[in-house]
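Q:
There are 2 protein chains.
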Amino acid sequence: AVQTPYYLIDKSSLLRNLEKISWLRDASGVKCLLALKCFATWSVFDFMAEHMDGSTSSSLYEVRLGREKFPGETHAYSVAYADHEIAEVLAHADKVIFNSIGQLTKFKDVSQGHLRGLRVNPGVSTSEFDLADPARPFSRLGEHDPAQIAAVADQISGLMFHNNCENDSFERFDEMLRLIEDHFGAIIHQMDWISLGGGIHFTGADYPLEKLAQRLAQFAQRFGVQVYLEPGEAAITGAATLEVTVLDTMHNGKNLAIVDSSIEAHLLDLLIYREPAKLAPNTGAHEWMICGKSCLAGDIFGEFRFDAPLKAGDRLSFQDAAGYTMVKKNWFNGVKMPSIAIRELDGTIRLVRDFNYDDFAAALS
Amino acid sequence: AVQTPYYLIDKSSLLRNLEKISWLRDASGVKCLLALKCFATWSVFDFMAEHMDGSTSSSLYEVRLGREKFPGETHAYSVAYADHEIAEVLAHADKVIFNSIGQLTKFKDVSQGHLRGLRVNPGVSTSEFDLADPARPFSRLGEHDPAQIAAVADQISGLMFHNNCENDSFERFDEMLRLIEDHFGAIIHQMDWISLGGGIHFTGADYPLEKLAQRLAQFAQRFGVQVYLEPGEAAITGAATLEVTVLDTMHNGKNLAIVDSSIEAHLLDLLIYREPAKLAPNTGAHEWMICGKSCLAGDIFGEFRFDAPLKAGDRLSFQDAAGYTMVKKNWFNGVKMPSIAIRELDGTIRLVRDFNYDDFAAALS
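Read top to bottom, the protein sequences are chains A and B. Heads up, the first sequence is in the working numbering, so the first residue is 263 and it goes up one at a time. Heads up, the second sequence is in the working numbering, so the first residue is 263 and it goes up one at a time.
1. Give me the subset of the stretch 595-608 of chain A whose CB atoms are less than 8 Å from a CB atom of chain B, sorted by chain position.
2. Can you tell me where the alpha helix (DSSP H) holding R287 (chain B) begins and where it ends?
3. DSSP has V306 (chain A) in a bridge; who is on the other side?
4. Given that K590 (chain A) touches chain B, what residues does it touch there, using C-beta distances under 7 Å?
5. With C-beta atoms as the reference, is L327 (chain A) less than 8 Å away from R402 (chain B)?
6. I want to see whether chain A comes within less than 8 Å of W550 (chain B), judged by CB atoms only; does it?
7. Smallest Cα separation from P543 (chain B): which of B:D569, B:G554, B:S524, B:Y535?
8. If you count every other CB in all the chains shown that lies within 10 Å of the CB of N618 (chain A), and 16 or more means buried, which is it?
9. Along the stretch 420-448 of chain A, where does the CB come closer than 7 Å to a CB of chain B? Name the residues.
10. Does the beta carbon of M512 (chain B) come closer than 8 Å to any beta carbon on chain A?
11. Applying the 10 Å Cβ sphere with the 16-neighbour rule, what's the burial state of Q480 (chain B)?
12. Can you find a CB in chain B that lies within less than 8 Å of the CB of Q365 (chain A)?
13. What's the call for S274 (chain B), buried or exposed, on a 16-neighbour Cβ count within 10 Å?
14. What separation, rounded to the nearest whole angstrom, lies between the Cα atoms of G515 (chain B) and S320 (chain A)?
15. If the cut is a Cβ gap below 8 Å, which residues of chain A does H654 (chain B) touch?
16. Would you call the CB atoms of K590 (chain A) and M599 (chain A) closer than 8 Å?
17. Taking a cut of 8 Å between CB atoms, which residues from the stretch 469-492 of chain B lie near chain A?
18. Shorter than 8 Å from the beta carbon of E324 (chain B) to some beta carbon of chain A?
19. At the level of alpha carbons, what is the spacing between F594 (chain A) and I348 (chain B)?
20. Does chain E have any CB closer than 8 Å to the CB of F332 (chain B)?
21. Reducing DSSP to helix, strand and coil, say where R402 (chain B) ends up.
22. Look up F568 (chain A) in the DSSP assignment and give the residues it is bridged to.
23. At least one CB of chain B closer than 8 Å to the CB of G560 (chain A): is that the case?
24. Since F309 (chain B) meets chain A, which of its residues come closer than 8 Å, beta carbon to beta carbon?
25. If the cut is a Cβ gap below 8 Å, which residues of chain A does T388 (chain B) touch?
26. Report the option in A:E433, A:R577, A:R605 whose CA atom is closest to the CA atom of V506 (chain A).
27. Does Y619 (chain A) come out as helix, strand or coil in the three-state DSSP assignment?
28. The beta strand (DSSP E) that contains Y490 (chain B), what's its start and end?
29. If you reduce the DSSP assignment to three classes, tell me which class T367 (chain B) lands in.
30. What does the Cβ neighbour count give for L441 (chain B), buried or exposed, with the cut at 16 atoms within 10 Å?
31. What does the Cβ neighbour count give for E537 (chain A), buried or exposed, with the cut at 16 atoms within 10 Å?
32. Could you tell me whether the Cβ of V382 (chain A) comes closer than 8 Å to any Cβ of chain B?
33. Using the C-alpha atoms, what's the distance from G316 (chain B) back to A289 (chain B)?
34. What number of angstroms, rounded off, separates the C-alpha of P333 (chain A) from the C-alpha of L541 (chain B)?
35. For L393 (chain A), which option in B:F580, B:F391, B:L613, B:Y535 has the closest C-alpha, if you only look at C-alpha atoms?
36. I'd like to confirm something about A297 (chain B): is its beta-carbon nearer than 7 Å to some heavy atom of the ligand FMN, or not?
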């Protein structure tokens, strides 16, 4: 058995998402690229690539990982590339999408002959969090002005809009796409391809996938473009757990259980967005606060219900731990990084990465 | 020249803190151990060890790093140790401090013959942030009840109180120490050593160091104990910068400059505590928002003033970037991790660690 803590990627759960992606591709003609910023555990890239068209990136290292590990197309995007990065970015990318007209112009000569795109910020979005809202005031994410974009349209063959964020409402997606059509339609007509980014929660249980397929096909036909989606969370939602063990229990006004993990080190977004972890079934007569083992006072996974009191040695499994977790893990407090394991379709579990003291010491100098 | 981004540790600035630590040790008799959770860049440990007594830790990996790299005493503490860790922890530690009576009891036999301590939570603290407040409601950090602690006093030779947090008020420190004396004095009398933890900002410019020395010496004498402090931030405050370069500028209601770094990946606490970075001198007629290059909409270092408009290629230097930065850096977005460089006392700069694509790819699997 693998020693806790470890992230456990479940291929059967992953496959449920991938089959919806396949269906959407077939029904609508869109191409789907995995957003590596959300999930970059490359041991399952070959498996995912059977149902996806490639990967998209947010940095030089991600585009290279996509090129080397994820079969299919490789999109390059970054909020800003450095001069010393651009040649290697272009070498690894099928398309390069610049965040600004400034970057497009700066790298105009070196990127000649490559397929180029520009990120456009439509000024509307769906994020519940200001922190994650690309349409927040003064946003640096993409160009806003249709006239300025039109002036460089001859240098690019596509646009990227990325303004959805965990959006589970088709109606809201449809409404925002209409705003994009109204505001940027003339430029979209000049393009060969349009990426609508990620953040559309179309693999969710009740998402009206047929409506989405129709809408995307209609958009593609109206403007004569190849449409791309860049799912991150939608591709891997529910596809991994974080497996931990209770190390100690205490009672200080509440029942406290300390586990061999840490939200700051292993599930960072819980701390950044002040949200609790997910634990199922979360029923029973006994309420416990599950705490991390870092020194941070607020290293708390949440309060959950159990059928019996917890004790040292009990195993817990935090749900939905694939997205933005492994890519953000860090060595805070020197807490052992969770290993990474894969549950194959036949149920066998395979350890693919373990971290040890030497990894910790080498992370510094 | 070292390519940005990089953390630059300045030994002259570090030395200013270390000389205050040396003075405090001489004047008060306290021993000072570096808290590795805050700063674990071991290339300067030998230099720091000339002015400190050793290191303290919050995990197995940290105690081993302290033993292998930081000359002097090595304290082991953790919110919870796993069964499979404890033998190695004991092998690397001069003292082991348990967080709970439960852990002390569990490891009573295996730790027989080792110097043992217990963390005590006095229920008062100085943190401005609930997240970082060890005295927050239902805190798991240490034991609270004098009667329960007294019952195991014969198993331990010391106690650890860690309830200060960036506390720059000697009066507040003094007042809380008096509460500790009043509440736990009887048990403290039975001990050989007391750690008062970290979080006392005694290397700050206006801190009344003499008063602190007197107070600590008085405490040590009254109870007949060796006092330890475990400075983290106080040891390295102001001793490093994060060096970055402007990659692009945009204008979207405000002047925006995008640099080759990210708060989430490289200065994580700015994001967690929603605080701006420090940039000096922060004067001049031109105000700019400095943004990171990750995809996070809120990846913003802050708004600062400059003498002239910023442009691509400009170099910026974020101040006070030693504490809780390098130990929390991560690969979010695949943004290149800052290298680590040291400015020697003679002004020469030495690169001690660079990170590359292979490090990124090996962080996953």
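Think of the CB as a built atom: it goes at the ideal place given N, C-alpha and C, for glycine as much as any other residue. Given the structure is predicted, the values throughout are model-derived calculations rather than measurements.
A: Taking the structure as given:
1. If the cut-off is 8 Å between Cβ atoms, the stretch 595-608 of chain A has N595, G596, V597, K598, I602 near chain B.
2. On the second sequence, residue 287 (chain B) is found 25 positions in, with the first residue counted as 1. Boundaries of the alpha helix (DSSP H) harbouring R287 (chain B): 273-290, taken from the DSSP string.
3. Position 44 of the first sequence holds residue 306 (chain A). According to the DSSP secondary-structure assignment, V306 (chain A) is paired through a beta bridge with no residue.
4. For this step, residue 590 (chain A) is matched to residue 328 along the first sequence. By Cβ distance, chain B contributes N592, F594.
5. Locating residue 327 (chain A) in the first sequence gives position 65, where the first residue counts as 1. Locating residue 402 (chain B) in the second sequence gives position 140, where the first residue counts as 1. No.
6. The residue given as residue 550 (chain B) occupies position 288 in the second sequence. It does not; no Cβ of chain A falls within 8 Å.
7. Numbered from 1 along the second sequence, position 281 holds the residue referred to as residue 543 (chain B). With distances taken between Cα atoms, P543 (chain B) lies closest to B:D569.
8. Reading the first sequence from its first residue, position 356 is the one you call residue 618 (chain A). An exposed status is given to N618 (chain A), since fewer than 16 other beta-carbon atoms sit within 10 Å of its beta-carbon.
9. Of all residues in the stretch 420-448 of chain A, none comes within less than 7 Å of chain B when Cβ atoms are compared.
10. Here residue 512 (chain B) is taken as the residue at index 250 of the second sequence, counted from 1. It does; some Cβ of chain A falls within 8 Å.
11. Taking the first residue of the second sequence as position 1, residue 480 (chain B) is located at position 218. Around the beta-carbon of Q480 (chain B), fewer than 16 other beta-carbon atoms lie within 10 Å, marking it exposed.
12. The residue labelled residue 365 (chain A) in the question sits at position 103 within the first sequence. At least one chain B Cβ lies under 8 Å of Q365 (chain A).
13. As a working mapping, residue 274 (chain B) is identified with position 12 in the second sequence. The residue is exposed, with fewer than 16 neighbouring Cβ atoms inside 10 Å.
14. Numbered from its first residue, the second sequence carries residue 515 (chain B) at position 253. Numbered from its first residue, the first sequence carries residue 320 (chain A) at position 58. When rounded, the distance between both Cα atoms is 25 Å.
15. With chain B running from 263 to 627 in the structure shown, residue 654 (chain B) is simply not present.
16. Residue numbering aside, residue 590 (chain A) sits at position 328 when the first sequence is read from its first letter. Residue numbering aside, residue 599 (chain A) sits at position 337 when the first sequence is read from its first letter. No, these two residues do not count as a Cβ contact at 8 Å.
17. Cβ contacts with chain A come from no residue of the stretch 469-492 of chain B.
18. Mapped onto the second sequence, residue 324 (chain B) falls at position 62. Using a Cβ-Cβ cut-off of 8 Å, E324 (chain B) counts as an interface residue toward chain A, since at least one Cβ of chain A sits closer than that to its own.
19. Within the first sequence, residue 594 (chain A) is the residue found at index 332, counting from 1. Within the second sequence, residue 348 (chain B) is the residue found at index 86, counting from 1. Taking the straight line joining both Cα atoms gives about 20 Å.
20. The chain labelled as chain E is not found among the protein chains of the depicted structure, namely A and B.
21. Within the second sequence, residue 402 (chain B) is the residue found at index 140, counting from 1. Residue state for R402 (chain B) is assigned as coil, using DSSP reduced to three classes.
22. Position 306 of the first sequence, counted from the first residue, corresponds to residue 568 (chain A). Paired residues: A:H548.
23. Translated into positions along the first sequence, residue 560 (chain A) becomes position 298. Chain B contact via Cβ: present.
24. In the second sequence, residue 309 (chain B) corresponds to position 47, counting from 1. Within chain A, no residue has its beta carbon less than 8 Å from that of F309 (chain B); the closest one is some 14 Å off.
25. Along the second sequence, one-based indexing puts residue 388 (chain B) at 126. Near T388 (chain B) there are no residues of chain A at all, since even the closest Cβ is about 12 Å away, more than 8 Å.
26. Residue numbering aside, residue 506 (chain A) sits at position 244 when the first sequence is read from its first letter. For V506 (chain A), the nearest C-alpha among the options comes from A:R577.
27. Mapped onto the first sequence, residue 619 (chain A) falls at position 357. Looking at Y619 (chain A) - three-state DSSP - the assignment turns out to be helix.
28. For the purposes of this step, residue 490 (chain B) is identified with residue 228 of the second sequence, where counting begins at 1. Residue range 488-491 is occupied by the beta strand (DSSP E) that includes Y490 (chain B).
29. Residue numbering aside, residue 367 (chain B) sits at position 105 when the second sequence is read from its first letter. In the structure shown, T367 (chain B) sits in a helix (DSSP, three-state: H, G or I).
30. Here residue 441 (chain B) corresponds to residue number 179 of the second sequence, with the count starting at 1. Around the beta carbon of L441 (chain B), fewer than 16 other beta carbons lie within 10 angstroms, which makes this residue exposed.
31. Along the first sequence, one-based indexing puts residue 537 (chain A) at 275. That one is exposed.
32. Position 120 of the first sequence, counted from the start, is the residue given in the question as residue 382 (chain A). False, the Cβ-Cβ gap to chain B never drops below 8 Å.
33. The residue you call residue 289 (chain B) lines up with position 27 of the second sequence. The residue you call residue 316 (chain B) lines up with position 54 of the second sequence. A289 (chain B) and G316 (chain B) have their C-alpha atoms roughly 18 Å apart.
34. Residue 333 (chain A) sits at position 71 when you count from the first residue of the first sequence. Residue 541 (chain B) sits at position 279 when you count from the first residue of the second sequence. Using only the alpha carbons, I get a separation of about 43 Å.
35. Indexing the first sequence from 1 puts residue 393 (chain A) at position 131. Nearest option by C-alpha distance: B:Y535.
36. Within the structure as shown, the ligand FMN is missing, as the structure has no ligands at all.
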